[in-house]
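Q:
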Amino acid sequence: MSSQALVKLEQLDKKLWGKGIAQLDSELLQEMGLSAGNIVVSVGYRRAAFIVQPSDRRDAGRRVMRVDEEGLGNLGVSYGDKVVVRKAEPKPAEKIVLLYSDESKGEPDPREILLALRGRAVCRGNTILLKSWGRSLNVVINAYLPAEEVVLVSANTKLELIREPTKIQPKGVPLVTFEDIGGLSKQIQKLRELIELPLLRPEIFRAFSIRPPKGILLYGPPGTGKTLIARAVANTARANFYLISGPEIGSKYYGESEKKLRDIFKEAEKTAPSIIFIDEIDSLAPSRDNTSTEVERRIVSQLLTLMDGLSPSDKVVVLAATNRPNAVDPALRRPGRFDREIEIPAPDAAARLEILKVHTRRVPLAQDVDLKEIAELTSGYVGADLAALVREAMMNALRRKTSDLLQGVDLSDLGIVVTKNDFLSAMGEIEPSALREFRIEVPLTKWEDIVGLDEVKRELMESIEWPLRYPEVYSKFNADLPKGVLLYGPPGTGKTMLARAVASESRVNFITVVSSDLLSKWVGESEKALREVFRRAKQAAPCIIFFDEIEALAPARISDDTHVTERLVSQLLTELDGLVRLKGVMVMAATNRPDLIDPALLRPGRFDKILYVPLPDFKARAQMFRLYASK
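Dropping the structure here:
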């Protein structure tokens, strides 16, 4: 029987995070003479204690230990690293001295903290994040009696609380962990490889003569979690965190802005390992070709000089975030400065489900709430939107008990639960950020609302609804999908209604584009507006772009006075030809004058499907009378 073992660290199931639990494979438990509930001490760069549980069959014989982000940070290592684990016999703690930093008002209640920590094994220097009733409290185990390697918190343990924010939150690192982020596992893994390894294990890079990255640029739509990821990385890497924003750096005095930047970089080097995070870098370092402000030019030049002056031994990494990467000065976007650029995209349905699970961990949900269904209904919502959606749904549930709450009835006696209707009502209040500037909706029209046109409906199901709802099937068989569908026919036959029904049945976003939205008297503005429509549709994918009365927007190209329509048609052709990159975006158009549309749009590869929507026959008219008379 072995007293200790060398194990590889892997991620624990998120359901078990924050409980001080580690999972070991059953063979290793038997080898070490451990059983569920025993305490082990693991040694990486630092020590941490865990309550042991057996892992499932996938880990049999693999000699792995699964821990959460908190345990990983306490050990000072990363997933994939190997650490020593051994059995411990902890004594009950008589007294524990805790350092804490509390972002909320008021003093923490020692009884609540003891209740949260009871039964956990702790080592000196461990950091534990406690969450309850929307309040986050970071505590550090500073000292305890008896002075053993590990102790067990019991109901008789006395706690002494000391407010020491600087020892826990160097340079204002907020209480954020990867546990608070959902749907970005690939981006987080990539970021951790680029930041945590150079900061925690610099000898690896020295051994292979590899220069670690100096800077990483995060870009993506607003609200997707760029700032949140940066803060979580700083917490996990146990690095000092320096936040730079444009208004703090700007100054009316000559040279003052550059001095502030130099001071921040100098301080970061002194307190290494450090992460410098520049939020909205496009406002701080815009392209020097497009700005006439001398201050901005000097700030960009100073930032270039400071990043060039960083060496691997400084253990300083610069992170920046923007939703307009093309507005950042190109000189910053080269190797040696911002070496890597990582896109933080708008979440898809699977990512939205993860985000909803994160935000509803402590929300009482009714039996009729299906988070998967909510995730499918919230196309175009980013992480910030989903957080607001859960908050608004919770407020809807609280409003039903307002009178009881005002009378001081205890929360536990009210039986407050968030229902499906609370979420649906909240969706009417919270609009998706990615499409807030456009005519955006998820229509409620169903196929049953459209009488007749069975052949047209079948074609639309096969061409648009199925590829959007089951993309993995089409990908598996490498099937070519239509890029665009054109509906034509007499006015009033239901072309627009068909487009709305497709979006509703597919549960995707629906952008309506009319010519007045795009046409402009300024040269290039119309094409820019069209490009923006397609860019936003890509962010909110899956999405349908619907051009109503397309003959007004893309008529046959002939010589005219303004050439606006000619340029718009050329831009539309370019966007349609580029739809290979616009995954999850379908284009629909409707017209009653197909003869006026530019012929280049009607060839395969652009509007692949051209469907005629006829006038209703006798049977369809009879069905319409029955349908509308019943209402």
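23 is the number of the first residue of the sequence shown in the numbering used here; add one for each residue after it. Ideal Cβ positions, reconstructed from N, Cα and C, are used throughout, including at glycine. Fair warning: this is a prediction, and the values are worked out from it, not measured in the lab.
(1) Within the continuous alpha helix (DSSP H) that includes lysine 496, where are the two ends?
(2) Give every residue of the same chain whose Cβ lies closer than 6 Å to the Cβ of leucine 38, excluding the five residues on either side of it in the sequence, and list them in chain order.
(3) If you pair each beta-carbon of the segment 344–358 with each one of the segment 322–330, do three or more pairs fall below 8 Å?
(4) Using DSSP's beta-bridge definition, name the partner residues of phenylalanine 568.
(5) From this set, Arg480, Arg422, Glu573 and Arg214, which residue's C-alpha is nearest leucine 618's C-alpha?
(6) Cutting at 6 Å between CB atoms, please list the residues of its own chain near lysine 189, excluding the five before and the five after it.
(7) Please classify alanine 165: does DSSP put it in a helix, a strand, or coil?
(8) Given this structure, state the Cα-to-Cα distance separating threonine 441 from serine 296, to the nearest angstrom.
(9) Quick one: Cα of glutamate 201 to Cα of arginine 383, how far?
(10) Terminal residues of the continuous beta strand (DSSP E) containing tyrosine 510?
(11) So for threonine 382, helix, strand or coil by DSSP?
(12) Give the single residue among Ile61, Leu136, Arg85 and Ile150 whose Cα lies nearest to the Cα of glutamate 91.
(13) Would the beta-carbon of alanine 612 fall within 8 Å of that of threonine 467?
(14) Leaving out five residues before and five after glutamate 116 in sequence, what residues of the same chain have Cβ atoms less than 6 Å from its Cβ?
(15) Tell me the residue span of the beta strand (DSSP E) that contains glycine 237.
(16) When you compare the segment 359–366 with the segment 241–251, are there three or more beta-carbon pairs, one atom per stretch, that lie closer than 8 Å?
(17) Can you list, in chain order, the residues of its chain whose CB lies under 6 Å from that of proline 347, leaving out five sequence neighbours each side?
(18) So, are the CB atoms of valine 86 and lysine 30 less than 8 Å apart?
(19) Applying the 10 Å Cβ sphere with the 16-neighbour rule, what's the burial state of aspartate 583?
(20) Check for me: the alpha helix (DSSP H) holding phenylalanine 200 runs from which residue to which?
(21) Let me make sure I understand the geometry here. Which of Arg362, Leu399 and Ala415 has the alpha-carbon closest to that of leucine 387?
(22) For valine 106, tell me which candidate among Pro114, Leu97 and Lys113 has the shortest Cα-Cα distance.
(23) Check each candidate in Leu283, Asp47 and Arg589 and name the one with the smallest Cα separation from leucine 306.
(24) Under the three-state reduction of DSSP, which class applies to alanine 372: helix, strand or coil?
(25) Give the range of the alpha helix (DSSP H) segment to which alanine 254 is assigned.
(26) Mark glycine 405 as exposed unless 16 or more other C-beta atoms lie within 10 angstroms of its C-beta, in which case mark it buried.
(27) Distance cutoff 8 Å, beta carbons only. Does serine 652 sit that close to anything in chain C?
(28) Where do the N-terminal and C-terminal ends of the beta strand (DSSP E) with valine 338 fall, by residue?
(29) Quick one: Cα of leucine 221 to Cα of valine 99, how far?
(30) Applying the 10 Å Cβ sphere with the 16-neighbour rule, what's the burial state of serine 455?
(31) I'd like to check one pair, leucine 34 with valine 74: are the Cβ atoms closer than 8 Å?
(32) Taking only the alpha-carbon atoms, compute the straight-line gap between isoleucine 184 and aspartate 131 and give it to the nearest angstrom.
(33) If you check the beta carbons only, do leucine 590 and leucine 637 fall under 8 Å apart?
(34) What is the residue span of the alpha helix (DSSP H) that asparagine 443 lies within?
(35) DSSP beta-bridge partners for arginine 185?
(36) Going by DSSP in three states, lysine 37 sits in which element: helix, strand or coil?
A: Considering the structure as presented:
(1) For clarity, residue 496 is tyrosine in the given sequence; the question names lysine instead. Where tyrosine 496 is concerned, the enclosing alpha helix (DSSP H) stretches over 493–498.
(2) By the criterion of a C-beta distance shorter than 6 Å, leucine 38 is surrounded by no residue of its chain, once the five residues flanking it on both sides are discounted.
(3) Touching, yes.
(4) The partner list for phenylalanine 568 (beta bridge, DSSP) reads Thr534 and Met610.
(5) Nearest neighbour of leucine 618 by Cα position, chosen from Arg480, Arg422, Glu573 and Arg214, turns out to be Glu573.
(6) Low confidence applies here, because lysine 189 scores a pLDDT of 36, under 50, leaving its location unreliable and the question unanswered by this model.
(7) In this structure, DSSP gives alanine 165 an extended state, which the three-state scheme calls strand.
(8) Taking the straight line joining both Cα atoms gives about 44 Å.
(9) For the pair glutamate 201 and arginine 383, the Cα-to-Cα distance works out to about 11 Å.
(10) 506–510 is the span of the beta strand (DSSP E), which, as asked, contains tyrosine 510.
(11) Correct three-state label for threonine 382: coil.
(12) The residue with the shortest Cα to Cα distance from glutamate 91 is Ile150.
(13) Not in contact: alanine 612 and threonine 467 (Cβ atoms no closer than 8 Å).
(14) The residues are Leu167.
(15) Residues 237–241.
(16) Taking 8 Å as the limit for Cβ pairs, the verdict is that the segment 241–251 does touch the segment 359–366.
(17) Contacts found: Tyr241.
(18) The answer is yes: Cβ separation under 8 Å.
(19) Low confidence applies to aspartate 583: its pLDDT is 48, below 50, so where it sits in the model is not reliable enough to give any reading.
(20) DSSP places phenylalanine 200 in no alpha helix (DSSP H); its state is neither H nor E.
(21) The shortest Cα separation from leucine 387 among Arg362, Leu399 and Ala415 belongs to Ala415.
(22) Just measuring C-alpha positions, the residue of Pro114, Leu97 and Lys113 sitting nearest valine 106 is Leu97.
(23) Selected option, being the one with the closest Cα: Leu283.
(24) DSSP places alanine 372 in helix when its eight states are reduced to three.
(25) In the DSSP assignment, alanine 254 falls within the alpha helix (DSSP H) that extends over 248–258.
(26) By the 10 Å Cβ count, glycine 405 comes out buried.
(27) Although the question refers to chain C, the structure presented lacks it and comprises just one protein chain.
(28) Residues 338–344.
(29) Going by the C-alpha atoms only, they are around 10 Å apart.
(30) Answer is buried; the Cβ neighbour count reaches 16.
(31) Using a Cβ distance threshold of 8 Å, valine 74 and leucine 34 do not count as a contacting pair.
(32) About 12 Å.
(33) No, these two residues do not count as a Cβ contact at 8 Å.
(34) Its alpha helix (DSSP H) spans residues 442–451.
(35) In DSSP, arginine 185 forms a bridge with Tyr122.
(36) DSSP places lysine 37 within a helical segment (H, G or I) once states are collapsed to three.
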